[in-house]
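Asks: Would you mind keeping the following structure in view while I ask a few things?
Numbering (the UniProt record's numbering), first residue to last: 1 to 663.
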């Protein structure tokens with residue numbers, strides 16, 4: 001008998017999934033082979049370096065023996081010369097000269113844990129044989145502990161090496177972190193200024209000179225302590241709520257010392273003062289992603305009685321799209337941005353916090369308060385609002401231009417505005433004149449938008465969920481990047497169905513297949529094209545039994561269509577009962593609403609591709625179905641050129657948009 005359309009769709013899906021799995025396995029095999037060859041090559045180089053060092057030490061010992069024999073003829077020349085001990089002392093020696101770290105390590109992850117261990121075993125052998133100071137080993141271990149690369153292009157200052165030395169040297173066991181400073185070990189602005197020329201080595205000489213001169217022209221922008229603006233102050237509106245008093249959380253000896261160091265830092269720089277406020281909130285110490293401590297004040301009870309500020313934050317998609325195909329991109333980060341906004345006297349009392357040893361209140365806007373983002377965004381919009389080629393999301397400022405002249409001119413205007421506002425820039429976290437930067441959770445540049453590699457790795461290593469809470473975490477992690485997948489809603493349909501408390505949490509084969517498919521779709525390194533609003537757009541839509549999918553396209557100079565963004569949506573229980581023509585029309589309607597910011601201002605007709613032929617005649621169709629007629633009237637507001645595209649011409653997209661069907 002002839003298979004049904006549903007069976008054919010499922011068969012196509014299984015074939016495609018098998019193909020994707022095979023490609024992923026082959027890619028992983030190639031990567032592992034390359035990794036093994038690289039490790040073998042480095043191992044051979046390490047052995048060579050060790051042998052050369054031993055020969056050099058033996059030759060040096062023989063020379064010393066000959067010199068001693070010449071000075072003292074009674075020395076027995078036939079006595080064996082003991083090979084010198086090449087092991088290093090366990091204590092870290094004092095730093096007597098600048099270290100050329102560029103001769104040490106350049107590591108480019110993300111790698112898996114066993115790969116990083118293999119690399120560092122070789123590095124440590126080389127370090128021991130070449131008698132590198134233990135301070136260099138601390139830099140090596142800093143890379144290993146954070147799991148990220150640190151491509152050091154030149155020798156850092158002694159202060160930078162001392163900061164890196166806060167990491168324990170290798171002991172053969174676990175590596176622990178010495179948290180001896182109340183602030184992050186990241187370079188201070190004064191240290192980063194000393195190395196600014198090295199950090200701009202990727203620029204041409206004249207560009208580097210102009211930018212360095214510009215940075216040094218505004219020394220007040222790059223102080224080590226955040227300044228305080230006079231353009232705005234933060235108020236906390238609690239109406240007539242009585243004060244909320246809370247007791248400090250208990251802390252162990254290590255965390256208690258860290259809290260004390262942080263409060264001492266706040267007092268020393270005037271960021272907090274002793275308090276007599278009737279309000280008090282507790283504090284805790286948490287680890288940042290890089291392992292350094294983060295001092296947090298728990299304002300949950302205060303936030304619950306605070307009147308919300310409705311000032312809007314920019315949309316992340318709009319900020320990313322604004323960069324487009326810019327050739328020059330600079331990302332500027334403000335130093336402890338919230339701390340650069342002062343508090344009103346009443347807000348300062350409400351911000352009071354208690355630790356096991358002190359009772360203080362902030363003089364600047366602390367992290368964690370309910371309306372702090374709205375206040376800070378209002379400040380940044382005031383400072384950079386009318387500046388062209390500039391996008392601002394809280395304390396992240398991005399300058400994006402097509403020419404160097406526009407870029408340096410915009411930076412000059414931006415620095416002047418920041419200086420007038422008495423704001424401070426974090427030079428160590430800023431990136432100047434790059435082709436690609438990491439911005440708002442995505443990698444943008446070269447006219448493309450990509451997922452972050454560490455996020456892809458986190459998704460690929462996510463374990464199979466065993467509870468609704470774990471499943472919700474996985475869907476939240478992957479949902480942020482759903483714009484990279486045309487069929488996310490339909491593929492993840494078996495997973496989202498398990499979130500309902502009315503459905504028992506049973507991990508079926510369909511759920512497992514959907515879980516693997518979501519990971520495979522996002523881990524295949526999808527790339528989106530940055531939109532150009534001077535070019536026309538194209539739209540492809542498709543509907544299946546469980547949901548809709550669409551992709552917005554734009555043609556390049558070579559006539560090739562590139563995806564700008566994907567959209568997908570799961571049908572509600574009511575929409576599942578729609579007829580085929582209703583589902584296809586709904587797919588077009590929802591896609592137009594979702595992409596309205598792109599297609600709403602087009603002067604030329606929008607080309608729409610669909611595999612449902614009756615949709616081509618939608619504008620001329622007479623139907624007694626009132627729902628279809630209402631949708632048709634709405635769609636007529638757009639200039640559309642609807643064209644039929646056979647499903648066989650787009651098998652992959654059509655097949656994947658079908659999702660998974662429980663067998």
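Ideal Cβ placement from N, Cα and C applies to all residues, glycine included.
Please state if the CB of residue 374 and the CB of residue 317 are separated by a distance shorter than 9 Å.
Replies: Position 317 of the chain shown, counted from the first residue, corresponds to residue 317. Position 374 of the chain shown, counted from the first residue, corresponds to residue 374. No, these two residues do not count as a Cβ contact at 9 Å.
Asks: DSSP puts residue 353 in a beta bridge; with which residues?
Replies: Position 353 of the chain shown, counted from the start, is the residue given in the question as residue 353. Paired residues: 281, 360.
Asks: Just reading off the alpha helix (DSSP H) that residue 599 is part of, what are its end residues?
Replies: Taking the first residue of the chain shown as 1, we reach residue 599 at position 599. Its alpha helix (DSSP H) spans residues 596-599.
Asks: Distance check for residue 330 and residue 29, CA to CA, integer angstroms please.
Replies: Here residue 29 corresponds to residue number 29 of the chain shown, with the count starting at 1. Here residue 330 corresponds to residue number 330 of the chain shown, with the count starting at 1. C-alpha separation (whole angstroms): 37 Å.
Asks: By DSSP, does residue 19 sit in helix, in strand, or in coil?
Replies: Along the chain shown, read from residue 1 onward, the residue named residue 19 stands at position 19. In the structure shown, residue 19 sits in a helix (DSSP, three-state: H, G or I).
Asks: Are there 16 or more other CB atoms within 10 angstroms of the CB of residue 75, so buried, or fewer, so exposed?
Replies: As a first step, residue 75 must be located in the chain shown, where it is residue number 75. With a pLDDT of 47 at residue 75, under the threshold of 50, the modelled position of this residue cannot be trusted; read the value that follows with caution. Residue 75 should be labelled exposed.
Asks: Just checking, does the region 342-358 make contact with the region 417-429 on the three C-beta pairs under 8 Å criterion?
Replies: no
Asks: With three or more C-beta pairs closer than 8 Å as the rule, is the region 323-341 touching the region 399-411?
Replies: yes
Asks: Could you check how far apart the C-beta atoms of residue 441 and residue 427 are, in whole angstroms? I think they sit under 8 Å.
Replies: For the purposes of this step, residue 441 is taken as residue 441 along the chain shown, with counting starting at 1. For the purposes of this step, residue 427 is taken as residue 427 along the chain shown, with counting starting at 1. The pair is not a contact, with the Cβ atoms about 23 Å apart (cut-off 8 Å).
Asks: By the three-class DSSP mapping on this structure, what secondary structure does residue 11 have?
Replies: Counted from its first residue, the chain shown places residue 11 at position 11. Residue state, collapsed to three classes: helix.
Asks: Specify the secondary structure class of residue 549 as computed by DSSP and reduced to three states.
Replies: The count along the chain shown starts at 1 and reaches residue 549 at position 549. Strand.
Asks: Just to confirm, is the Cβ distance from residue 562 to residue 609 under 9 Å?
Replies: Indexing the chain shown from 1 puts residue 562 at position 562. Indexing the chain shown from 1 puts residue 609 at position 609. No, the Cβ-Cβ distance between residue 562 and residue 609 is not below 9 Å.
Asks: With distance defined between alpha-carbon atoms, name the residue in 476, 259, 577 nearest to residue 295.
Replies: Mapped onto the chain shown, residue 295 falls at position 295. Cα-wise, what sits closest to residue 295 is 259.
Asks: Please classify residue 189: is it buried, with 16 or more other beta-carbons within 10 angstroms of its beta-carbon, or exposed?
Replies: Looking up residue 189 in the chain shown gives position 189. When all chains shown are included, residue 189 counts as buried.
Asks: Taking its Cβ as the centre, do 16 or more other Cβ atoms sit within 10 Å of residue 569, making it buried, or is it exposed?
Replies: Residue mapping note: residue 569 aligns to position 569 of the chain shown, counting from 1. Under this definition residue 569 is a buried residue.
Asks: Please classify residue 529 as buried or exposed, where buried requires at least 16 other C-beta atoms within 10 Å of its C-beta.
Replies: On the chain shown, residue 529 is found 529 positions in, with the first residue counted as 1. Looking at its Cβ environment, which holds 16 or more other Cβ atoms inside 10 Å, residue 529 is buried.
Asks: With respect to the alpha helix (DSSP H) encompassing residue 419, which residues constitute its N-terminal and C-terminal limits?
Replies: The residue labelled residue 419 in the question sits at position 419 within the chain shown. Looking at the DSSP string, the run of the alpha helix (DSSP H) that includes residue 419 is 404-420.
Asks: Identify, in the order they occur along the chain, each residue of the same chain with its Cβ nearer than 7 Å to the Cβ of residue 193, setting aside the five sequence neighbours on each side.
Replies: Numbered from its first residue, the chain shown carries residue 193 at position 193. Closer than 7 Å at the Cβ level, and outside the excluded window around residue 193, lie 222, 427.
Asks: Leaving out five residues on either side along the sequence, give the residues of the same chain with a beta carbon under 8 Å from the beta carbon of residue 212.
Replies: The count along the chain shown starts at 1 and reaches residue 212 at position 212. Within the same chain, residue 212 has close Cβ partners 196, 197, 200.
Asks: Given 8 Å as the limit, tell me if residue 237 has its C-beta closer than that to any heavy atom belonging to the ligand GTP.
Replies: No copy of the ligand GTP occurs in the structure displayed, which carries no ligand at all.
Asks: Grouping DSSP H, G and I as helix and E and B as strand, with all else coil, what is residue 445?
Replies: The sequence position of residue 445 within the chain shown is 445, counting from 1. In the structure shown, residue 445 adopts extended strand secondary structure according to DSSP, grouped into three states.
Asks: Identify, in the order they occur along the chain, each residue of the same chain with its Cβ nearer than 8 Å to the Cβ of residue 403, setting aside the five sequence neighbours on each side.
Replies: Position 403 of the chain shown, counted from the start, is the residue given in the question as residue 403. Within the same chain, residue 403 has close Cβ partners 327, 328.
Asks: In chain order, what residues of the same chain lie with their CB nearer than 6 Å to the CB of residue 383, ignoring the 5 residues before and after it?
Replies: Working through the chain shown from its first residue, we reach residue 383 at position 383. Excluding residues within five positions, the ones whose Cβ falls inside 6 Å are 417, 421.
Asks: Count the C-beta pairs between the region 392-400 and the region 351-364 that are closer than 8 Å, then say yes if the count reaches three, no if not.
Replies: no
Asks: So the beta strand (DSSP E) residue 438 belongs to, where does it begin and stop?
Replies: Position 438 of the chain shown, counting from 1, holds the residue named residue 438. It spans 436-439 - the beta strand (DSSP E) in which residue 438 sits, taken as one unbroken run.
Asks: Measuring only the C-alpha atoms, how far is residue 191 from residue 224?
Replies: Position 191 of the chain shown holds residue 191. Position 224 of the chain shown holds residue 224. Near 9 Å, if we compare the C-alpha coordinates of residue 224 and residue 191.
Asks: Expressed to the nearest angstrom, what Euclidean distance is found between the alpha-carbon atoms of residue 492 and residue 352?
Replies: Walking along the chain shown from the start, residue 492 turns up at place 492. Walking along the chain shown from the start, residue 352 turns up at place 352. Near 45 Å, if we compare the C-alpha coordinates of residue 352 and residue 492.
Asks: So, is residue 574 buried or exposed, given that buried needs 16 or more other C-beta atoms within 10 angstroms?
Replies: Position 574 of the chain shown, counting from 1, holds the residue named residue 574. Classification for residue 574: exposed.
Asks: In three-state terms, what does DSSP make of residue 253?
Replies: In the chain shown, the residue the question calls residue 253 occupies position 253. Note: residue 253 maps to helix in three-state DSSP.
Asks: Would residue 232 and residue 387 qualify as a contact pair, given that the criterion is a beta-carbon distance under 9 Å?
Replies: Taking the chain shown and counting its residues from 1, the one referred to as residue 232 is at position 232. Taking the chain shown and counting its residues from 1, the one referred to as residue 387 is at position 387. No, these two residues do not count as a Cβ contact at 9 Å.
Asks: So residue 527 and residue 450 are supposed to be a Cβ contact under 8 Å. How far apart are they, rounded?
Replies: As a first step, residue 527 is located in the chain shown; it is residue number 527 there, counting from the start. As a first step, residue 450 is located in the chain shown; it is residue number 450 there, counting from the start. With 8 Å as the limit, residue 527 and residue 450 qualify as a contact, their Cβ atoms being about 5 Å apart.
Asks: Short check: CB of residue 445 to CB of residue 350, under 9 Å?
Replies: Residue numbering aside, residue 445 sits at position 445 when the chain shown is read from its first letter. Residue numbering aside, residue 350 sits at position 350 when the chain shown is read from its first letter. Contact flag unset, no.
Asks: Kindly indicate which residue of 370, 215, 288 has the alpha-carbon position closest to the one of residue 306.
Replies: Against the chain shown, residue 306 aligns to sequence position 306. The option with the nearest alpha carbon to residue 306 is 370.
Asks: Would you decide whether residue 482 is buried or exposed? Buried here means 16 or more other CB atoms lie within 10 Å of its CB.
Replies: Here residue 482 is taken as the residue at index 482 of the chain shown, counted from 1. Label assigned to residue 482: buried.
Asks: What does the Cβ neighbour count give for residue 280, buried or exposed, with the cut at 16 atoms within 10 Å?
Replies: Position 280 of the chain shown, counted from the start, is the residue given in the question as residue 280. Residue 280 is buried by the Cβ-count criterion.
Asks: If you draw a straight line from the alpha carbon of residue 505 to that of residue 473, how long is it in whole angstroms?
Replies: By 1-based counting over the chain shown, the position of residue 505 is 505. By 1-based counting over the chain shown, the position of residue 473 is 473. The straight-line gap from Cα to Cα measures roughly 15 Å.
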